[in-house]
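**Student:** If you read the sequences in order, they're chains A and B. So for the first sequence, my numbering puts the first residue at 399; every next one is plus one. So for the second sequence, my numbering puts the first residue at 399; every next one is plus one. All residues carry an ideal CB built from backbone N, CA and C; glycine is no exception. All figures in this text were calculated on a predicted structure; none of them were measured in a lab. The structure follows.
Number of protein chains: 2
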Amino acid sequence: MPWEKQFDHDAALSKAMGTFWAQGYDATSMQDLVECMGINRGSLYASFGDKRSLFIEALRRYDAVYREGWVNRLVKSHGPRGAIAAAFDEAIAAVQGGSNDGCLLVNTALELSPHDDEISAIVDHGLAEMEQFFCDMIERGQAAGEIPAHVVSVDAARGLLSLFIGLRVLSRSRPEASLLRSVANQAGALLT
Amino acid sequence: MPWEKQFDHDAALSKAMGTFWAQGYDATSMQDLVECMGINRGSLYASFGDKRSLFIEALRRYDAVYREGWVNRLVKSHGPRGAIAAAFDEAIAAVQGGSNDGCLLVNTALELSPHDDEISAIVDHGLAEMEQFFCDMIERGQAAGEIPAHVVSVDAARGLLSLFIGLRVLSRSRPEASLLRSVANQAGALLT
DNA sequence: CCCTGTTTTGACTGTTCGTTCCAAACTCAG
DNA sequence: CTGAGTTTGGAACGAACAGTCAAAACAGGG
């Protein structure tokens, strides 16, 4: 019979994700998406449904690649304390590399979470997993003697999450290296 | 001659500010503004210019009232360390009071700063002043013996700013009391 | 080479956007 | 009461928006 798809679904989704990431949901028009994804309007609607569905799919992909994949990589290639430091260092490196798009989960938390429960659930889950990552690293660090036992892991993890979010917000508006470095250094102060 | 203005400029501006605060810039239509401000479309354009000009005026007003006025009040009614604690406590109290609008400066930093230099300048100035507030309080606290001398005021202030921003972001998406309280408690950990 | 069924395509829909404009309503000085 | 100057409400603008559709382009099976 017929004919396979001529464009790559995943590649197109990645492009859409990048545009939503840089511009936000409202500020991205379907025309922007048609152009950046390199596929036709009709194909877009046939493959991804409406704009909101496409955004949700892009957000889920971001969560899988840039949050889950990223965390897993950090855990594997560093010790507990090193993984926490690397999380902040990599966020700063992205800014130094010229990207001031911040983090799509954080951006979405502000733009859409208060007005869309389904999207909020995705964002909340991603942020909770980051909190859990920090918490796990702290507890492992304590077991390994890298982090003092008097640190309350749950509270400190939430402090690190909040510092990290602040860093991502600042990197969109005040991407000065010294400012971001100071913030990252304070992460260490929560673990002493 | 004729007839004084029939609507109150400042009151209308406050209403507009509230709508931008809750919904963001893009998601607020001129129709929303006409309705929430209670004035006519023509009067709106005659008094405030276009949408962006109105937003900038509202943002400046927010900065004057909710950032500058707020900081001044904190400085006057608390000691150095108490002022820092009160800053976080009041942000949490706002959430408990039912508002999950966060902070207009933070919301704008994410939505518009990367794409609008004039707006970015306002946001950056407001955030820098908050940083300065934290820095001043730390140094005064050190002079008063409330805060250890080994704390580096500039770095710790940036950490507090970042924690504060994170708190504001989380309050829009995960306004759980225990989470926000943990974050506020970590502010103290940066000052020990 | 034609038939079949899917994909691609770009024109098209109705709606909403920000903005402009004008005539009617109105207040107050003369 | 009259005239001057403002505010008002709503109609109207072109542009941009999200979303739809029918026809053309296409690959493989007969």
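Asp-522 of chain A CB to nearest chain B CB: under 8 angstroms?
**Tutor:** Mapped onto the first sequence, residue 522 of chain A falls at position 124. So yes, Asp-522 of chain A belongs to the interface.
**Student:** In whole angstroms, what separates the C-alpha of Cys-501 of chain B from that of Trp-468 of chain A?
**Tutor:** Position 103 of the second sequence, counted from the first residue, corresponds to residue 501 of chain B. Position 70 of the first sequence, counted from the first residue, corresponds to residue 468 of chain A. Looking at the two C-alpha atoms, the distance is approximately 29 angstroms.
**Student:** Considering only residues of the same chain and omitting the five flanking positions on each side of Gln-494 of chain B, which have a CB-CB separation below 8 angstroms?
**Tutor:** Position 96 of the second sequence, counted from the first residue, corresponds to residue 494 of chain B. The answer, listed in chain order, is Ala-575.
**Student:** Using CA coordinates, which residue listed in A:Ala-484, A:Val-504, A:Val-521 and A:Phe-453 is at the minimum distance from Thr-417 of chain A?
**Tutor:** The residue you call residue 417 of chain A lines up with position 19 of the first sequence. When only C-alpha atoms are compared, the closest one is A:Phe-453.
**Student:** At a Cβ cut of 7 angstroms, what residues of the region 504-517 of chain B count as close to chain A, listed as they run along the chain?
**Tutor:** For the region 504-517 of chain B, which is checked against every Cβ of chain A, the residues closer than 7 angstroms are Val-504, Asn-505, Ala-507, Leu-508, Glu-509, Ser-511 and Pro-512.
**Student:** Tell me which residues share the same chain as Pro-400 of chain B and place their Cβ nearer than 6 angstroms to its Cβ, disregarding the 5 neighbours each side in the sequence.
**Tutor:** Working through the second sequence from its first residue, we reach residue 400 of chain B at position 2. Low per-residue confidence applies at Pro-400 of chain B: pLDDT is 42, beneath 50, and the placement is therefore not dependable enough to give any value.
**Student:** From which residue to which residue does the alpha helix (DSSP H) around Arg-572 of chain B run?
**Tutor:** Locating residue 572 of chain B in the second sequence gives position 174, counting from the first residue. Run containing Arg-572 of chain B: none; DSSP gives neither H nor E here.
**Student:** Rounded to whole angstroms, what's the CA-CA distance from Asp-553 of chain A to Ala-485 of chain A? Just pull it up for me.
**Tutor:** The sequence position of residue 553 of chain A within the first sequence is 155, counting from 1. The sequence position of residue 485 of chain A within the first sequence is 87, counting from 1. Looking at the two C-alpha atoms, the distance is approximately 18 angstroms.
**Student:** Which chain A residues sit within Cβ distance under 8 angstroms of Gly-500 of chain B?
**Tutor:** By 1-based counting over the second sequence, the position of residue 500 of chain B is 102. Simply Leu-508.
**Student:** List, in chain order, every chain B residue whose beta-carbon is nearer than 7 angstroms to that of Asn-438 of chain A.
**Tutor:** Counting from one through the first sequence, the residue named residue 438 of chain A turns up at place 40. Correct list: empty, because the minimum Cβ distance to chain B is about 26 angstroms.
**Student:** Helix, strand or coil: which one does DSSP assign to Asp-424 of chain B?
**Tutor:** Locating residue 424 of chain B in the second sequence gives position 26, where the first residue counts as 1. Here Asp-424 of chain B sits in coil by DSSP.
**Student:** Just checking, does the region 543-559 of chain A make contact with the region 577-587 of chain B on the three C-beta pairs under 8 angstroms criterion?
**Tutor:** Result yes; three or more Cβ-Cβ pairs closer than 8 angstroms.
**Student:** CB-CB under 6 angstroms to Ala-410 of chain A, same chain, minus the five flanking residues each way: which ones, in chain order?
**Tutor:** For this step, residue 410 of chain A is matched to residue 12 along the first sequence. Once the five neighbours on either side are set aside, the close Cβ partners of Ala-410 of chain A are Met-435 and Ile-437.
**Student:** Considering Cα atoms alone, identify which of B:Arg-538, B:Ala-489 and B:Met-535 is closest to Pro-573 of chain B.
**Tutor:** For the purposes of this step, residue 573 of chain B is identified with residue 175 of the second sequence, where counting begins at 1. Among B:Arg-538, B:Ala-489 and B:Met-535, the Cα nearest to that of Pro-573 of chain B is on B:Ala-489.
**Student:** I need the DSSP call for Met-399 of chain B, collapsed to helix, strand or coil.
**Tutor:** Counting from 1 along the second sequence, the entry for residue 399 of chain B is found at position 1. Because Met-399 of chain B carries a pLDDT of 39, less than 50, the predicted location of this residue cannot be relied on, and the following value inherits that uncertainty. The answer is coil: DSSP assigns Met-399 of chain B none of H, G, I, E or B.
**Student:** What is the DSSP secondary structure of Val-549 of chain B, reduced to helix, strand or coil?
**Tutor:** Working through the second sequence from its first residue, we reach residue 549 of chain B at position 151. Three-state DSSP puts Val-549 of chain B in coil, outside helix and strand.
**Student:** Check the Cβ of Asp-607 of chain B against every Cβ in chain A and list those closer than 7 angstroms, keeping chain order.
**Tutor:** Because chain B in this structure spans residues 399 to 590, residue 607 of chain B falls outside the shown range and cannot be described.
**Student:** Relative to the C-alpha of Leu-577 of chain A, which residue among B:Glu-529, B:Val-473 and B:Glu-455 is closest?
**Tutor:** To locate residue 577 of chain A, count along the first sequence from 1; it is residue 179. If we check each option's Cα against that of Leu-577 of chain A, B:Glu-529 comes out closest.
**Student:** Less than 8 angstroms separating the beta-carbons of Pro-546 of chain B and Thr-506 of chain B?
**Tutor:** The residue labelled residue 546 of chain B in the question sits at position 148 within the second sequence. The residue labelled residue 506 of chain B in the question sits at position 108 within the second sequence. Against a cut-off of 8 angstroms, the Cβ pair of Thr-506 of chain B and Pro-546 of chain B comes out as no contact.
**Student:** For Val-581 of chain A, decide whether its Cβ has a neighbour in chain B, counting only Cβ atoms nearer than 8 angstroms.
**Tutor:** The count along the first sequence starts at 1 and reaches residue 581 of chain A at position 183. By this cut-off, Val-581 of chain A is an interface position.
**Student:** Quick one: residues in its chain with C-beta nearer than 8 angstroms to the C-beta of Gln-540 of chain A, no 5 flanking neighbours on either side, listed in chain order?
**Tutor:** The count along the first sequence starts at 1 and reaches residue 540 of chain A at position 142. Cβ neighbours of Gln-540 of chain A beyond the five flanking positions: Pro-546, Ala-547, Val-549 and Ser-551.
**Student:** Determine, using beta carbons only, whether Ile-517 of chain A and Arg-458 of chain A come nearer to each other than 8 angstroms.
**Tutor:** Here residue 517 of chain A is taken as the residue at index 119 of the first sequence, counted from 1. Here residue 458 of chain A is taken as the residue at index 60 of the first sequence, counted from 1. Taking 8 angstroms as the Cβ cut-off, Ile-517 of chain A and Arg-458 of chain A do not qualify as a contacting pair.
**Student:** Quick one: does Gly-564 of chain B have its CB under 8 angstroms from some CB of chain A?
**Tutor:** Locating residue 564 of chain B in the second sequence gives position 166, where the first residue counts as 1. Yes, because at least one Cβ of chain A sits closer than 8 angstroms to the Cβ of Gly-564 of chain B.
**Student:** Distance cutoff 8 angstroms, beta carbons only. Does Gly-557 of chain B sit that close to anything in chain A?
**Tutor:** Locating residue 557 of chain B in the second sequence gives position 159, where the first residue counts as 1. Yes, because at least one Cβ of chain A sits closer than 8 angstroms to the Cβ of Gly-557 of chain B.
**Student:** Mind checking if Met-399 of chain A is an interface residue toward chain B, Cβ cutoff 8 angstroms exclusive?
**Tutor:** Within the first sequence, the letter at position 1 stands for residue 399 of chain A. In this prediction, Met-399 of chain A has a pLDDT of 43, which is less than 50 and means its spatial position is unreliable; what the coordinates show is noted afterwards. Judged by the 8 angstroms Cβ criterion, Met-399 of chain A is not in contact with chain B.
**Student:** Give every residue of the same chain whose Cβ lies closer than 6 angstroms to the Cβ of Leu-431 of chain A, excluding the five residues on either side of it in the sequence, and list them in chain order.
**Tutor:** Reading the first sequence from its first residue, position 33 is the one you call residue 431 of chain A. Result list for Leu-431 of chain A: Ala-414, in chain order.
**Student:** Please confirm if Asp-553 of chain A has its CB atom under 8 angstroms from at least one CB of chain B.
**Tutor:** Translated into positions along the first sequence, residue 553 of chain A becomes position 155. So yes, Asp-553 of chain A belongs to the interface.
**Student:** Measuring only the C-alpha atoms, how far is Ser-580 of chain A from Glu-509 of chain B?
**Tutor:** In the first sequence, residue 580 of chain A corresponds to position 182, counting from 1. In the second sequence, residue 509 of chain B corresponds to position 111, counting from 1. Looking at the two C-alpha atoms, the distance is approximately 24 angstroms.
**Student:** Please state the DSSP three-state secondary structure of Asp-430 of chain B.
**Tutor:** Stepping through the second sequence from its first residue, residue 430 of chain B is reached at position 32. In the structure shown, Asp-430 of chain B sits in a helix (DSSP, three-state: H, G or I).
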